[in-house]
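> Residue numbers (this note's numbering): -18 to 47.
Note that the Cβ used here is the ideal one computed from N, Cα and C, for glycine as well.
Since we're looking at a predicted model, the values are computed, not measured.
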């Protein structure tokens, strides 16, 4: 578990979902969520919006004690 220490999601706690070492970024569950537009396809006839987590720089998080 990590805690966001800077930015709009400051104070939120979540689990690290993925790590990008070359960019020094991580994706934290439930933090920095953005709406992404989805075009209609054969599988998804209506299209619409989905909520997706965006990467956060590692300097903006700290490990939370377990």
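Please say whether residue -17 and residue 43 have beta carbons closer to each other than 8 Å?
Going by C-beta atoms, residue 43 is nearer than 8 Å to residue -17.
> Does the beta-carbon of residue 37 have 16 or more other beta-carbons within 10 angstroms, so that it is buried, or is it exposed?
Burial call: buried.
> Measuring only the C-alpha atoms, how far is residue 3 from residue 10?
If you take the alpha carbons of residue 3 and residue 10, they lie about 20 Å apart.
> Going straight from the alpha carbon of residue -6 to that of residue 16, what length do you get?
If I take the Cα positions, the gap works out to 20 Å.
> Run through the DSSP bridge pairs and tell me what residue -5 is partnered with.
In DSSP, residue -5 forms a bridge with -17.
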